[in-house]
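Residue numbers (UniProt numbering), protein chains in the order written: chain A, 1 to 346; chain B, 1 to 454. Glycine included, every Cβ here is placed at the ideal spot set by N, Cα and C.
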C-alpha cells in the first residue's frame with residue numbers, strides 16, 4: 001500500500017477535474033439575492049426547467065445587498081448572472097459594479113410585493129397607521145421643541161384606539177431590502193403624518209438629519225431587527241405572542257392559520273388592494289441581469305424572457321397565485337427584456 | 001509468630017478503639033456511605049436528564065418528520081385532446097414539445113370537472129378553483145408523460161397526480177376546516193370533495209418514495225420536494241473528503257509519529273493541528289470561498305468545492321485519531337521488525353500500519369460523519385437555496401454541477417413559508433440521522449471486529 005502513490009493520484013484527479021471545470025463552461029443560469037424574491041424566482045426556475053431543454057437555474061438567497069454585492073464582483077462564468085432585489089439598485093452599487101467591469105445591467109421589474117404587519121392569531125387585532133409605527137419605534141421623538149427619547153411602552157400610549165399591549169416589534173434587519181421600504185413607507189410617512197418632521201425642521205435640523213432621525217429605531221429592546229428570514233420572525237412571534245412582525249404578503253398568506261394581519265390606514269392588505277394602490281406599504285421587486293452574460297450563458301436570455309412572460313408574471317400566472325402583485329406595466333418590461341435595454345440607456 | 005515484637009502495629013498498651021465492633025458501623029462510616037450513595041444518585045440523575053433530552057429529541061423528530069414519508073395522490077382520468085396538444089395531428093415531437101405546461105392546465109381542469117360530475121358531488125366551485133386540489137406539478141407530470149409517449153394523444157389516460165400541500169395536510173391532520181377559513185390556497189368546499197373522493201378510493205395517502213429519491217421543488221409545491229438530489233450532493237462531497245483526507249491525513253500522521261525529529265518545528269506543527277481541529281467550521285467556509293472560488297475559479301455551488309472545504313475541516317480530526325492509533329501500537333513490534341533487519345519503512349508499512357488500521361478507519365468514518373452533518377461552511381460557497389433540482393448526468397457533473405447537501409437542504413426547507421416544508425425539514429433530519437447512525441455503526445463494528453488490545 002503506497003500512500004505516496006495514492007496521494008499523488010488523488011491530487012492529480014482533483015487537478016484534472018478542476019481543469020475540466022474551467023474548460024467545460026457553465027451551462028446553467030445562476031441567480032442570487034433577495035430572500036423575498038427567492039420564492040418567485042424558484043417558481044419560475046422550476047417551470048423553466050420543465051418547459052425548456054436547459055437545466056433548472058440555481059437560485060440562492062442571502063438578501064438583496066449580499067446578492068447585488070456578488071453580482072457586482074465582475075463579469076464571467078464564475079460570477080452570478082442575475083441578482084434579485086426587493087429594492088432598486090443604489091447608486092453606490094452601480095458604481096461598485098462599474099468599477100469591476102459590470103457596466104451593462106438590465107433592470108427588470110417583476111411585480112409588486114406587499115409588506116404586512118401580522119401578530120399572533122389568538123392575540124388582539126390591530127388597525128395601524130404609519131403614525132402609530134413612527135411613535136412606537138422612533139428612537140427619539142420631538143416634544144416641545146426638543147428631542148426626547150421615546151417614552152411609549154404600550155400601543156395604547158401611541159394611539160388610544162389600539163389595545164393596551166406592550167410594544168414589541170420584529171422588523172427586518174438592515175441587510176434586507178424590506179427594511180428600506182419599511183423605513184420609507186412606514187416610519188418616514190408616519191414621521192411626516194404626525195408633524196414630527198416639521199417640528200424637527202422648525203427646530204433647526206436640516207432635511208437629511210431630520211429624515212435620519214425619523215427612521216432611527218429604538219435600541220431599548222422594543223424594536224428587534226431580524227436578520228434571518230420570515231420563518232424566524234414567525235418563530236419569535238410564536239414564542240412571544242405580544243410581538244408584531246413585518247412579513248411579505250405571500251408569507252402571511254401561507255401562514256394564515258397562525259398569524260392575523262393588521263390593517264394599515266384602514267385597508268386590509270391583499271393582492272387587489274396593493275395593485276390598486278389603496279394599501280400603502282408595497283414595493284416593487286426587481287432582478288438585475290448582466291447584459292454581457294446574455295448569449296454566453298446558455299438559457300439566460302430565454303429564462304429572463306420567460307420570467308416576465310404573461311403566463312408567468314401576469315395576473316393569472318403562478319407568481320400571482322403565490323402572492324406577487326402583477327405589474328400593470330408588464331408589457332413595457334417585456335419590451336425592455338426583448339431589446340436588452342440597459343439601465344443607463346433608459 | 002511469637003517473635004514479632006510487641007511494640008509493632010498494635011501496642012498492647014493502646015486503648016481499645018471507641019465504638020468497638022466492626023459489625024456496627026460508626027457515624028463516620030455512615031456519613032461516608034451516604035455521601036457515596038448521593039454521588040451515585042447524581043450520576044444517575046445526570047444520565048436520566050441526558051436520556052430525557054434524547055427521548056424528547058427523538059420524539060420531536062419522529063412526530064414531526066414521519067408524516068413527510070407519506071403523500072396524498074389523486075387518481076384522475078385526463079382526456080388528452082388532440083386539438084390542444086397536437087393541432088396538426090402529425091405527432092411531430094418538436095411540435096408537441098412546444099406546448100408548455102400551461103397548455104396542459106385546461107385539460108386537468110376539464111378532468112376535474114368531469115370527476116365532480118361523475119362522482120355526483122354537489123359543489124359551487126368554479127373549474128379553475130378546482131385545480132387548487134392538485135399540486136401545480138400536475139401539468140408537468142402530464143406533459144412529461146405525453147412527451148415520452150406521443151401516441152397517448154387523443155386517448156383518455158388515467159394518471160395519479162400529487163395532491164396539493166393543503167389537501168395533503170388535511171389528510172395528515174395538519175389542516176382543518178377551521179384553519180382554512182382565511183386561507184386563499186384552499187376552501188372548506190374542496191375538503192367536501194376530498195372526503196367524497198377518499199371514500200370512493202380516488203384520493204389516497206401512501207408511502208412517499210419521491211421524498212427519498214426526488215429533487216427539490218419550488219416554494220409553491222412542497223408536496224413535490226424530495227431529498228434525493230441533495231443526498232447525491234452529499235455523496236459526492238464525501239467522496240472528495242475520503243479521497244483527499246484519508247491519504248493526506250495518514251501520510252502526515254505517519255511522518256509525524258514515526259519519522260519526524262522532535263524539535264521546535266514539529267512541536268509547532270503538532271500544536272497547530274490540535275488547534276485546527278477546534279476551529280469553527282464557518283471559518284473553513286470563508287477560506288473555501290476565498291481560495292477555491294475567488295482565487296482558483298472553481299465553480300460555485302459545486303460538491304467538489306464543498307468537499308474540498310470539508311476536507312480541510314476533517315483533516316485535523318483524522319490526523320489526531322490516526323496518530324493516536326499509531327501510538328497505541330506497542331514499540332516492541334517496531335523494535336522486533338527493526339531487529340530482524342526490516343527498514344523503517346518496512347516496519348511501518350508491514351507491521352505498524354496494518355495493526356493501526358482499525359483505529360484509523362474508525363477515526364476516518366467518524367470524521368466523515370461529522371462532515372456529512374456540517375452546514376455552516378456550505379452557506380458561504382453557495383450550496384443553500386433552490387439548487388438541488390437536477391440529477392447529475394455522470395460522475396464529472398456530480399462533482400461540478402451545482403448541488404446542495406442534506407443538511408443544507410434541511411436548513412433551506414426550514415426557512416420556507418409553506419408549513420408543509422417544515423414537515424419535510426423534519427423528514428430530512430430523519431434521513432440524515434439514519435445515515436449518521438449507519439456510519440457510526442460501521443465504525444463501532446470495525447473497532448469491535450479488528451481492534452487488538454496489547
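At the level of alpha carbons, what is the spacing between residue i and residue j?
| i | j | result |
| --- | --- | --- |
| residue 445 of chain B | residue 95 of chain A | 60 Å |
| residue 92 of chain A | residue 210 of chain A | 22 Å |
| residue 213 of chain A | residue 108 of chain A | 32 Å |
| residue 28 of chain A | residue 60 of chain A | 13 Å |
| residue 194 of chain B | residue 415 of chain B | 29 Å |
| residue 254 of chain A | residue 224 of chain A | 23 Å |
| residue 411 of chain B | residue 300 of chain B | 19 Å |
| residue 22 of chain A | residue 309 of chain B | Low local confidence applies: a pLDDT of 47 at residue 22 of chain A is under 50, so the model's placement there is unreliable, with the coordinate-based value given in what follows. Whole-angstrom Cα-Cα distance: 19 Å. |
| residue 402 of chain B | residue 64 of chain A | 21 Å |
| residue 124 of chain A | residue 281 of chain A | 21 Å |
| residue 260 of chain B | residue 294 of chain B | 35 Å |
| residue 37 of chain B | residue 450 of chain B | 38 Å |
| residue 308 of chain A | residue 302 of chain A | 10 Å |
| residue 440 of chain B | residue 233 of chain B | 20 Å |
| residue 162 of chain B | residue 55 of chain B | 34 Å |
For residue i, which beta-bridge partners are listed by DSSP?
| i | result |
| --- | --- |
| residue 465 of chain B | No information on residue 465 of chain B is available, as it lies outside the stretch 1 to 454 that chain B covers here. |
| residue 290 of chain A | A:105 |
| residue 247 of chain A | A:116 |
| residue 141 of chain A | A:148 |
| residue 217 of chain A | A:138 |
| residue 172 of chain A | A:226 |
| residue 459 of chain B | Nothing about residue 459 of chain B can be reported from this structure: the residues present for chain B run from 1 to 454 only. |
| residue 30 of chain A | A:58 |
| residue 150 of chain B | BP columns for residue 150 of chain B are empty, so no partner. |
| residue 84 of chain A | A:33, A:287 |
| residue 386 of chain B | A:59 |
Is the CB-CB distance between residue i and residue j below 8 Å?
| i | j | result |
| --- | --- | --- |
| residue 378 of chain A | residue 259 of chain A | In the structure as shown, chain A starts at 1 and stops at 346, and residue 378 of chain A therefore has no counterpart that could be examined. |
| residue 334 of chain B | residue 256 of chain B | no |
| residue 224 of chain B | residue 314 of chain B | no |
| residue 340 of chain A | residue 300 of chain A | no |
| residue 435 of chain B | residue 377 of chain B | no |
| residue 214 of chain B | residue 201 of chain B | no |
| residue 427 of chain B | residue 211 of chain B | yes |
| residue 420 of chain B | residue 228 of chain B | no |
| residue 71 of chain B | residue 205 of chain B | yes |
| residue 34 of chain A | residue 100 of chain A | no |
| residue 105 of chain A | residue 287 of chain A | no |
| residue 167 of chain A | residue 149 of chain A | no |
| residue 283 of chain A | residue 112 of chain A | yes |
| residue 365 of chain B | residue 243 of chain B | no |
| residue 318 of chain B | residue 432 of chain B | no |
| residue 404 of chain B | residue 359 of chain B | no |
| residue 139 of chain B | residue 105 of chain B | yes |
| residue 273 of chain A | residue 323 of chain A | no |
Compile a chain-ordered list of the residues in the stretch 255-266 of chain A whose CB is closer than 7 Å to at least one CB of chain B. 255, 256, 257
Spell out a yes or no on whether the stretch 217-228 of chain A and the stretch 302-316 of chain A are touching, meaning 3 or more CB-CB pairs, one atom from each, closer than 8 Å. no
Does the stretch 180-191 of chain B come close enough to the stretch 385-399 of chain B that 3 or more CB-CB pairs lie under 8 Å? no
Touching or not, the stretch 191-204 of chain A and the stretch 242-251 of chain A, by the rule of three or more beta carbon pairs under 8 Å? no
Would you list, in chain order, the members of the stretch 299-332 of chain A that have their beta-carbon closer than 8 Å to a beta-carbon of chain B? 311, 318, 321, 322
Give me the subset of the stretch 205-219 of chain B whose CB atoms are less than 7 Å from a CB atom of chain A, sorted by chain position. 217, 218, 219
Determine, using beta-carbon pairs with one atom in the stretch 317-329 of chain A and one in the stretch 70-80 of chain A, whether at least three such pairs fall under 8 Å. no
Taking 8 Å as the threshold, find out whether the stretch 326-333 of chain B comes into contact with the stretch 265-284 of chain B through three or more Cβ pairs. no
contact_flag[the stretch 63-72 of chain B, the stretch 143-156 of chain B] where n(CB pairs < 8 Å) is 3 or more: no
Are at least three pairs of beta-carbons, each pair with one atom in the stretch 176-183 of chain A and one in the stretch 79-89 of chain A, less than 8 Å apart? yes
Any C-beta of chain A within less than 7 Å: which residues of the stretch 176-206 of chain B qualify? 179, 182, 183, 184
Is the stretch 130-145 of chain B in contact with the stretch 90-105 of chain B, if contact means three or more CB pairs nearer than 8 Å? yes
The stretch 134-145 of chain A / the stretch 27-37 of chain B touching (three or more Cβ pairs under 8 Å): no
Residues of the stretch 156-167 of chain B whose Cβ lies closer than 9 Å to any Cβ of chain A, in chain order: none
Whether or not the stretch 261-268 of chain A and the stretch 114-131 of chain A are in contact is what I'm after, with contact meaning three or more pairs of Cβ atoms, one per stretch, closer than 8 Å; do they touch? yes
With 7 Å as the limit, tell me which residues of the stretch 41-54 of chain A have their beta carbon closer than that to any beta carbon of chain B; keep them in chain order. 42, 43, 45, 46, 47, 49, 50, 51
Taking beta-carbon pairs under 7 Å, can you tell me which members of the stretch 69-100 of chain B lie near chain A? 100
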